[in-house]
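Q:
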Amino acid sequence: MSSDLGNLLASRRQELGLNQRVIADHLGLSQSAISDFEQGKRLPTHAQMIKLTEILKIRLGQLYDRSPNDRDESDSDDVERAIAESKLDRKQQDALLMFYGCLRQRDSIGNVAWLRYRLPAERDEAQSPS
1 MSSDLGNLLA SRRQELGLNQ RVIADHLGLS QSAISDFEQG KRLPTHAQMI KLTEILKIRL
61 GQLYDRSPND RDESDSDDVE RAIAESKLDR KQQDALLMFY GCLRQRDSIG NVAWLRYRLP
121 AERDEAQSPS
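For the sequence shown, position 105 matches number 105 in full-length UniProt numbering, and the numbering has no gaps at all.
1. Please identify the residue among GLN39, MET49, PHE37, SER35 whose C-alpha is closest to the C-alpha of MET98.
2. Give the secondary structure of THR45 by DSSP, where H, G and I count as helix, E and B as strand, and everything else as coil.
3. Mind checking GLU38: buried by the 16 CB within 10 Å criterion, or exposed?
4. Smallest Cα separation from LEU52: which of SER32, ASP25, GLU80?
5. Helix, strand or coil for LYS87 per DSSP?
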């Protein structure tokens with residue numbers, strides 16, 4: 001996850017024409033800390049992730065998404081599955097997941113990102129004739 005996160009941070013920062021010093025100043029960190037994030041040597045805290053979403057103009061879920069291959073069904077629970085299958089828009093789902101994740105002390109947004117990837121494939125398999 002950390003190298004994917006680091007790549008996302010670096011590419012988005014560059015797209016916006018920002019340097020590591022600007023990001024570091026906004027977060028109250030050193031430039032080397034930002035470099036560590038981008039190289040996957042260190043992970044930002046949740047509070048730092050929230051600030052990064054504001055600076056980089058991205059959704060929090062994008063920072064928590066992991067490769068679908070890094071997850072399995074046991075990573076999610078019934079509540080996360082219900083949220084993933086709900087008719088709520090992505091912003092509403094992410095708000096619920098942040099709250100639920102805080103209560104459960106888990107990466108609910110990342111788990112549902114995995115479910116969002118898996119559910120369309122599961123539906124297609126269930127609908128196709130044998």
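Beta carbons are placed, not taken as given, at the ideal position from N, Cα and C, and that holds for glycine.
A: Walking through what the data contain:
1. Locating residue 98 in the sequence shown gives position 98, counting from the first residue. It is MET49.
2. Numbered from 1 along the sequence shown, position 45 holds the residue referred to as residue 45. THR45: coil per DSSP, three-state reduction.
3. Working through the sequence shown from its first residue, we reach residue 38 at position 38. So GLU38 counts as buried.
4. The residue given as residue 52 occupies position 52 in the sequence shown. Closest option to LEU52, Cα to Cα, is ASP25.
5. As a working mapping, residue 87 is identified with position 87 in the sequence shown. Coil, per DSSP.
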